[in-house]
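Q:
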Amino acid sequence: MDSKQIKDILQALKDKHDKQEQVYNDTVAEIQELCEHKELIGIMIGKKCTVCGKIFTNDDERLTHYKAID
58 MDSKQIKDIL QALKDKHDKQ EQVYNDTVAE IQELCEHKEL IGIMIGKKCT
108 VCGKIFTNDD ERLTHYKAID
């Protein structure tokens, strides 16, 4: 492999990472809209608001659209 091929591979991996990161960030933003405080953090089985303590479990119907983040 020459340096151009390596640079192309690294750029492709960076682009893929950036795309996945954007999908994750968009998903987190949409999930945060479910709670008026918008202060959700990840916990063992779902999302929990740091203000009111409301927990959204992974089987919450409002979250099923967002379960599979690859």
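In our numbering, the protein residues as written are 58 to 127. Ideal Cβ positions, reconstructed from N, Cα and C, are used throughout, including at glycine.
Would you kindly work out how many angstroms separate the C-alpha atoms of residue 61 and residue 109, rounded to a whole number?
A: Reading the sequence shown from its first residue, position 4 is the one you call residue 61. Reading the sequence shown from its first residue, position 52 is the one you call residue 109. Approximately 52 Å between the Cα atoms of the pair.
Q: Helix, strand or coil for residue 111, going by three-state DSSP, please let me know.
A: Along the sequence shown, one-based indexing puts residue 111 at 54. It is coil, neither helix nor strand.
Q: For residue 59, name the three-state secondary structure that DSSP assigns.
A: Counting from one through the sequence shown, the residue named residue 59 turns up at place 2. Correct three-state label for residue 59: coil.
Q: Determine the direct distance from the alpha carbon of residue 75 to that of residue 87, and round the result to whole angstroms.
A: Position 30 of the sequence shown, counted from the start, is the residue given in the question as residue 87. Position 18 of the sequence shown, counted from the start, is the residue given in the question as residue 75. Spanning the two alpha carbons is a distance of roughly 18 Å.
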